[in-house]
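> In our numbering, the protein residues as written are -15 to 196.
For each residue, glycine too, the CB sits at the ideal point set by N, CA and C.
Model, not experiment: these values are computed from the prediction.
My structure is below; once you've seen it, I'll send some questions.
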Amino acid sequence: MPEEQELFVEKDLVQVTVWCRGVLHNKEARDVAVALAEAAGREGKYIQAWENYVDLPDRVHVPVRAYARISPNPIESKYIYENESPDIVVLITEDLIKGNDVLKGLKPGGTLVVNSKRDPAYIAKFLTDTSNLKAIVCVDAAGAAEAQATLSGAEGATDATGIGGGWAAVLAGAVAKATGVVELDSLKQVTIKPDLVEIGYQQAVVKEGFNS
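What follows is the structure, given as structure tokens:
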């Protein structure tokens, strides 16, 4: 039988998938996705950012996802609901590596960014398949900032707290350092605490060689 193929294969499209625990950390996941997308938009790129409501984000502590797509070209797959082949995966809390296939569909050369004090090599022990993983990035976002939560609407419709006031800013800075998907200055311009973006950029520990 022929191998299953993606409906759309876009050479320059970057897909970002952010994992979190429902309700309490929805905002952090959403802010990572939105901050990266908005920063890329300032650089003239085509963007999308949204949450996966199939994951039931209104249930406390259930693993849920938020997504971003960034491309220098118009996004052809904009109506496909999930990121089938992420280039970058972000974990809002490190415990999500247990019991969740967070690297499912990861493209070769992909990057995993984790909110953790631990060394990337320790995180790698809990991953079942690192064959497509170029780098693991750890940054202590929880030690640098307080988590931001909005309980007035998980979808963010009534969220007036601004983008990137907590862990998300630190994690987005780490993503920028490890992948170069957006410029640091662009990211600072779209977050309410650019100093936290700088911390994430400077303190992120990036290690490669897990796909060998």
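Helix, strand or coil: which one does DSSP assign to T95?
Position 111 of the sequence shown, counted from the first residue, corresponds to residue 95. Secondary structure of T95 (DSSP, three-state): strand.
> The alpha helix (DSSP H) spanning Q173 covers which residue range?
Numbered from its first residue, the sequence shown carries residue 173 at position 189. Annotation for Q173: the continuous alpha helix (DSSP H) segment containing it runs L168 to V174.
> Can you tell me whether G157 is buried or exposed? The criterion is at least 16 other CB atoms within 10 Å of its CB, across all chains shown.
Indexing the sequence shown from 1 puts residue 157 at position 173. Buried, by the Cβ-count rule.
> Is the region 5 to 17 touching the region 81 to 91 in the sense that three or more CB pairs, one from each, lie closer than 8 Å?
no
> Please determine, among C122, I107 and N67, the residue with the shortest C-alpha to C-alpha distance to K88.
Taking the sequence shown and counting its residues from 1, one reaches residue 88 at position 104. Among C122, I107 and N67, the Cα nearest to that of K88 belongs to N67.
> In the DSSP assignment, find the alpha helix (DSSP H) that holds R26 and state where it starts and stops.
Counting from one through the sequence shown, the residue named residue 26 turns up at place 42. Start and end: N10 to R26.
> Using the Cβ count rule (16 or more neighbours within 10 Å means buried), how would you classify Y185?
Working through the sequence shown from its first residue, we reach residue 185 at position 201. By the neighbour-count rule (16 or more Cβ atoms within 10 Å), Y185 is buried.
> Helix, strand or coil for G140 per DSSP?
In the sequence shown, residue 140 corresponds to position 156, counting from 1. In this predicted model, G140 has a pLDDT of only 47, less than 50, meaning its place in the structure is not dependable; the value taken from the coordinates is given anyway. Coil.
> Please state whether DSSP places K161 in a helix, a strand or coil.
Translated into the one-based positions of the sequence shown, residue 161 becomes position 177. Correct three-state label for K161: helix.
> Is the beta carbon of E27 less than 7 Å from the beta carbon of S170?
For the purposes of this step, residue 27 is taken as the residue at position 43 of the sequence shown. For the purposes of this step, residue 170 is taken as the residue at position 186 of the sequence shown. Yes, they are a contact pair.
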